[in-house]
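Protein chains in written order, with our numbering: chain A, 1 to 836; chain B, 837 to 1494. Just so you know, even glycine gets a beta-carbon here, dropped at the ideal spot from N, CA and C. Notes to accompany the following structure.
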Amino acid sequence: MTVVDANFSITARADLKDDTTDIHYVPAPCQVACPIGTDAPSYIAYIWEGKNEEALEAINATNPFSAICGRVCDAPCEPACRRADSDGAIAIRNLKRYVLEALGPGHSLPPVAVTQEKTVAVVGAGPAGMTAAHDLAEAGYEVHLYEASDQLGGMMFWGIPRFRLPQSAVQQDIDRITAHCPGIKVHLNTALGEQVSLDELKQKHDVVLLTIGAFVGKPMGIPGEAAPFVEDGVGFLYRVNAGERPTLPATVLVIGGGDVAMDACRVARRLPGVKNVKVIYRRDYAAMPARREELQGAIDEGIEIVYNTQPVEVIDGKALRCVRTELGEPGADGRRRPVNVEGSEHDIECGMVIAAVGQKTECAELDNAGLMDWDRVNTDLEGMTTADARVFAAGDGAFGGSTIVEAMYQGHRAAYYMKAFLEGNESPLPYRTPYRTRRVAICNDPDWEINPRVHQEFHGLGQVPIEFPEIESTYTAAEAKSEAARCFRCDAETGSADYTVSSRESIFAMARIEPGDTERQASILDSRLENRVNPFDQAHLATLDDLVFLPANLSRLVIDPYREGCVTATRLGANSGLDLDIPFTVAGFDDAPNEIREAVAKSIQQHGAAYVGARPIGAGARWIQIVSTETDAEADAVVFDADRAMADDAFSGGSAAQPVGLLVNSANVRAAVDFALERHLDFLLLDPGNGLPGLAGELAGAPDISILRRAVARLRELDREEEIDLIYFGGLRTGTDAAKALALGAIAVTVGAAMALALGADISGGNPVFDADLDAAEREERSYNLLQAFTAEASMMARCTGKTNLQNLEPEDLRAITLIVSHAAGVPMAGSLHQH
Amino acid sequence: MVTIDLSRTDITTANTRIRDCGRDRQDVEIINPDARHNIGVGLVEPITVRVRGSAGYFCGGLSDSAHYEIEHNAGWAVGDNIYSGSVVVGGNAGAIAGVAIRGAEIVVRGNMGSRAGQVMKAGTLCCGGNAAFMAGYMMYGGRIIVLGDAAAKVGQDMSAGEIFVGGKIESLGNDTMIVDMEPGERDDIMAFLERYKLNYKGDFTKIINAGKKLRYANQEPRARPQPFFVSSNSNNYWNPKVQEDIWIKGEVGRYRIRGYGASKPVPHLNDIAFVKDVTAVHYKPEDLKDINLKTTIGGRYGAKPLSLSMPVMIAPMSFGALSRSVKIALARASRLSGISENTGEGGMLDEARAEADQLIFQCLSGRLGWNVKDMQRADAIEIYISQGAKPGLGGQLMAKKVTPELAAIRGIPVGIDLRSPSRHPDVLGADDLVIKVQEFREATMHKVPLGIKMGAGRVNDDIKIAYKDGFDFVELDGLQGSTGAASTEVLENVGIPTLSAVQEAVDGLKEINAGDDMDLVMMGGIKDGVDVVKMLALGADCTSVGTSAIIAGGCIACMQCHVGTCPVGIATQDKVHEARYDIDLQSQNIHRYFESLRWQIASITKALGYDDVHRVNRDDLVALTPEAADITGLPLLSEHPALHKPELGLEVLNRKAG
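Written out as structure tokens, the structure is:
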């Protein structure tokens, strides 16, 4: 199967936990934008439901660094969010943080035992290495994690300042990983080439992963930068994160436009002695790679950003000589190159220069092993392999400085290929990011369209900047719920079998590809050519759903359903009559609580309907008695069980004024028709499931609607259609269902379970349980409203077909849209009647 | 004064001469009018036309700023939809005098027929004698003055405006009440009567709307849709969707409302496959340049047809259901892709007119936004009888969307739950419709195609009437057609599937040997080029795409169009929400969607072995389900004479999603 989305298409199918074969699911754009495919729609929906633990599972499933990412992920999901174009993306990142803080650090997934004999070495405990370790440990391998420093976390610990990422958050994630993966054995202060050699690792373990990071700042490549006046950004952040709080000169310049530059300038801003921090960047605002929120945070903290400016020389102890730039032609990376403006040379005075223009990797041990390519481990992205078949690599050390989530992606990817290697699979299917869904219901928040994005509180420098208090806090529970409600739920199936989620995504994709992109056009066309699963297969039941009314257009005059009347009065009983104001009766409340019966009785009385049951419902409501032993003189009509009546022929018609009927089911309908005609009875109450007077039979499932066709067919066969009335009971869920039954030949219908549901009944046990929190007035109103709505719906159908009286509905007003229903109801298929 | 003798001149020639006189500012005298229909229709110059005798239907209709004096009697719908100007009838007027007027003064010195002033928006309709039943029926504004008696149901279902009756009132209509006249009101009326030399000294009874039916009594709680499979009947008969519906009906006491079309599965085009494998085509644009997709619509009677770059139109969707921004984006995309846009109900926006090269102007029962000036700048006219989403019901626009700006263009009061009439005031049957068609032809000088829009019901009969009533094209909409608001019961249960509709239409036209005179445009669930080609192969001449174009432009299919607070600024009139819609971005997205559609149509046409999409035919199709075979009469795959051999590679046809 081909999945087509605006952003991607998958053809091969690696063996990964993945839900993209579900035809009711398409990964949302946020999920596709996330390198590790985080199931954001599910965790957001869980947050709205207040299910934080379920949310954590959804987050943690692909992201072992949830607490960290809740604060400092560069969150590519948010720009991809469809609501970004409307009134702002969902705050996916901060919602993640909310879950982690709401649950506290104690939560972890259950531990995974070591089940494999082979062991793995991972060198470097940053996001790539630890993610791979986590995945391999989950697969049952013992993983030995070798870390040069005295801390786990890599750049997450050493590179990100505490005011953005407190140590507790890093520790929380690490604790969660180690609790979940006891197979991970940690070796701190063990640097490759110093405390341990590559050969030793290869001897001890079956496979080695190099995730050694990029901890060395790249030089600016200008004269004078060797001066002590210049410090590299990564080193600067490292020593501050180690606890130093150096006093700096009044003016500090930070060179670069990435996240390291942002962190470095904001750290400098908080250190003693500093009055003035400027960031010097060679391109413009739009081209700046730093995340917008970090840039804005820096600006809000009083940092000046100097765009279009390129350093050309360091004047030690005094200043940085710069030139102005303009953006020229695009370079190899597709970004426009800055071009120096002639004669624009100027000096920016300062006491210190922090160069944050990129990082690189250095490792003599690997150099000697021939595994380095200049400033990185020579790695093939295809299989995450190095020149040594048993050595894999990932992360910044292999592919250059990037984001945490990208490093985690590489960790997952490396683990996938290493696992294949360990299992002896030399050419596994290509890795791809798996997409999962927890199939959480769409939240039903009335304000989902209106709620604006909730902004997290920003504290900036705080009261005591040097203590590095956190710059912002997460949501309260109420704020999180309000924000979660905003999610469009692009992943979820729609309410329309016609415009399904996959159809919608195909249309989205068609609208976002260039006409000349033949490959993508062809891929979408192929997906559009896939035949749908026949919705009317063997499992499809014959229900009233598959009947439609024929509207009046030119060949008939439509009656305005908004304004014009429709007669609903019904006389039941061809011989002696019971007059009803509406062709509705209600059944199934003989054993209901008194409060419920009172409400139903009132509504029946007010609407001029009737109750069908073994005992009267009161409130002066008309009553059609289901006779068990004797007829009741108070009944307005009486109905006898057809089988018993036919067996002993011992039923009395009560008083002359009482119309008499038979209760008929699917098995005895034909015989009952004959019998009733013979005895000149007034009506047949069709109860295909043989459920009356209770509701359990009706609630058991779809009714046998063919009972109507069979009763009418027999009457027509005998040409005695006018001599007896049919009342239909079973499975009526709307006034439209009722109108269909009337059109098929019933003169009135009986509503049961629908009335119970309107009164808030819980039907999960098969019998209605009235446990809804409703007062007497609400019960009365609901019961009244249901009959009102059903009557209005039924007469709306009549008027749409051009009828001014509900009793004028006829089979010719209907068409079937499935063969099974065409047969069951005896109604022709729409479209096929006139074919030759 | 120019004299035209209608005993020697046909009405079209006469109306052309009247217009010429208008340009020369010369008054016109019509002699021997012989109660001819459509006298003076479409005149938009301030001259006076004197009819020396009696006029038939629609005299002075669809005009602006002209004056008409009819010496004797006028037939039905005198002064239809006049914008400004006047009509004076010396004798009696037939039914629906002053129907849908948007200004102007209409004076009938004698009696007037039933439903006078139906759906009028503004202006004055005055009757010196008696008014028959339902004067002011469904009026939205303006005033009616009846000096004599008023028969039953005065002001029936009026939304606004005033009715003043001098004589007896037989009975008041629904939702009306009698109120005291306001100061100065009587003086205004007397001044009006003076001007037209109507002598009246008596009192008036003033009737206005009572305001009880303008809004739904209680609002339905908002609920986002459950996934459609929840209500699959093989799943659970009393499923959560059923339970939710019943619970909400218990709360509000009426049917539920939502946007979009039928949500249940129905037999559709994806139950049909092509007999040839058209997958894996990778045609480059240059490979497809010789595949003809050009389509002309509406040339049956010599009007200038719509010239479409492919057999695709944008479906009628109103400014009202949709925001102004969306109407602009659709119009722009239609121009960029060389297809047509359609106003839908509710009037023509200047910006949309400017953006679209080809714009169809739709006329609905309530005549909301309908006027001669926009007719005369339209590229085609379409009379709406019904639509697939809610055949039988008029347009529905919930109060949140009836903003002052929208109310102004439609000529209706602000903030009502607008429910347009189900029937045209002046079309009660096929015979009336013939004359209505002539009126529209006269108003547009026979220059633009005239179409009819219908939701699919008794298509086999209805299509024959449409043919015989003289339409150039039919836009036929199946059960799956969408809308901005309708009762879910009607959405799901009224009308036949698009697949059934096309088959009945093609069969019906064949039965009367209609040939291919009248163009058949099919809509209702068309999503891609696959659907378009299948539709053409089944016999349609063109297709129309609504929902999919909206989705291409950012709709997320939440089906809550009726609420009015669309999260992406599409189905809203709220400025804050509309601001979320980026016209430039979304018009490009819609345009790219149409270009992708074009690539698909051309690629499939070529893969089927044709160089013209209009040559695809039923032999190219095979039914995949018994339902599709039964409806269309196409062979079922398992019974197909040529395709039952496994060596033909049937796995392509048999592929199942998932």
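Check                                                                                                                                                            : Outcome
Along the chain, where does the alpha helix (DSSP H) containing N594(A) start, and where does it finish?                                                         : 594-607
Which class does C322(A) belong to by DSSP, given the choice of helix, strand or coil?                                                                           : strand
Please state the DSSP three-state secondary structure of E382(A).                                                                                                : coil
With 16 as the cutoff for other CB atoms within 10 Å, does M418(A) come out buried or exposed?                                                                   : buried
Excluding sequence positions up to five away, which residues of its chain have a Cβ less than 6 Å from the Cβ of R597(A)?                                        : F589, I617
Which complete alpha helix (DSSP H) runs does the stretch 277-323 of chain A hold, if anything under 4 residues is left out?                                     : 292-300
Which residues of chain B have a Cβ atom closer than 7 Å to the Cβ of G24(A), listed in chain order?                                                             : Per the sequence shown, residue 24(A) should be read as His rather than Gly. The answer, in chain order, is P1063, F1065.
Given that S555(A) touches chain B, what residues does it touch there, using C-beta distances under 7 Å?                                                         : R1294, D1297, D1298, I1301
Where does L237(A) sit, in a helix, a strand or coil, going by DSSP?                                                                                             : helix
Would you call the stretch 1118-1137 of chain B and the stretch 1447-1455 of chain B in contact, with 3 or more CB pairs under 8 Å?                              : yes
Please state the DSSP three-state secondary structure of A1493(B).                                                                                               : With a pLDDT of 34 at A1493(B), under the threshold of 50, the predicted position of this residue should be treated as unreliable, and no value is reported.
Against chain A, with Cβ distances strictly below 8 Å, would V1310(B) count as a contact?                                                                        : no
For I1219(B) and I1025(B), I'd like the C-alpha separation in whole angstroms.                                                                                   : 36 Å
Cutting at 8 Å between CB atoms, please list the residues of its own chain near N189(A), excluding the five before and the five after it.                        : E147, A148, S149, D150, Q195
Could you work out which residue in V600(A), D682(A), I604(A), V673(A) is closest to V638(A) when comparing CA atoms only?                                       : D682(A)
At the level of alpha carbons, what is the spacing between G1205(B) and I1196(B)?                                                                                : 14 Å
Do you know offhand how far Y1032(B)'s Cα is from E905(B)'s?                                                                                                     : 12 Å
Where does the unbroken alpha helix (DSSP H) through I1245(B) begin, and where does it stop?                                                                     : 1240-1246
Do the stretch 1002-1022 of chain B and the stretch 896-910 of chain B make contact, defined as three or more Cβ pairs closer than 8 Å?                          : no
Who pairs with V391(A) in a beta bridge, going by DSSP?                                                                                                          : V208(A)
Is it right to say N1207(B) is buried, meaning 16 or more other beta carbons lie within 10 angstroms of its own, or is it exposed?                               : buried
To which residues does DSSP link Q359(A) through a beta bridge?                                                                                                  : G217(A)
I want to see whether chain B comes within less than 8 Å of M408(A), judged by CB atoms only; does it?                                                           : no
Sort out for me which residues DSSP pairs H903(B) with in a bridge.                                                                                              : T884(B), S922(B)
Answer with buried or exposed for E1487(B), where buried requires no fewer than 16 other C-beta atoms within 10 angstroms of its C-beta.                         : Because E1487(B) carries a pLDDT of 42, less than 50, the predicted location of this residue cannot be relied on, and the following value inherits that uncertainty. By the neighbour-count rule (16 or more Cβ atoms within 10 Å), E1487(B) is not buried but exposed.
Measuring alpha carbon to alpha carbon, tell me which of A415(A), R528(A), E53(A), G258(A) ends up nearest A1109(B).                                             : R528(A)
Would you say D87(A) reaches chain B, if we count a Cβ-Cβ gap shorter than 8 Å as a contact?                                                                     : yes
For a contact meaning CB atoms closer than 8 Å, what does E1325(B) contact in chain A?                                                                           : T734, G735, T736, E793, M796, M797
Is the distance from the Cβ of A125(A) to the Cβ of L103(A) below 8 Å?                                                                                           : no
Measuring straight from C-alpha to C-alpha, what distance separates P110(A) and E467(A)?                                                                         : 36 Å
Find the nearest neighbour of C1394(B) within the set T386(A), T500(A), D545(A), judged by alpha-carbon distance.                                                : T500(A)
Where C73(A) and T403(A) are concerned, what is the direct C-alpha to C-alpha distance, given to the nearest angstrom?                                           : 7 Å
Find the residues of chain A that neighbour A1420(B), judging by a C-beta separation of less than 7 Å, and give them in chain order.                             : Rather than Ala, the amino acid found at residue 1420(B) in this sequence is Asp. Result: empty, since nearest Cβ-Cβ is about 12 Å, beyond 7 Å.
Residues of chain B with CB under 7 Å from T818(A), in chain order?                                                                                              : E1463
Quick check on R532(A) - is its C-beta less than 8 Å from some C-beta in chain B?                                                                                : yes
Between A522(A) and V1117(B), which are expected to be in contact by the criterion C-beta below 8 Å, what is the C-beta distance as a whole number of angstroms? : 6 Å
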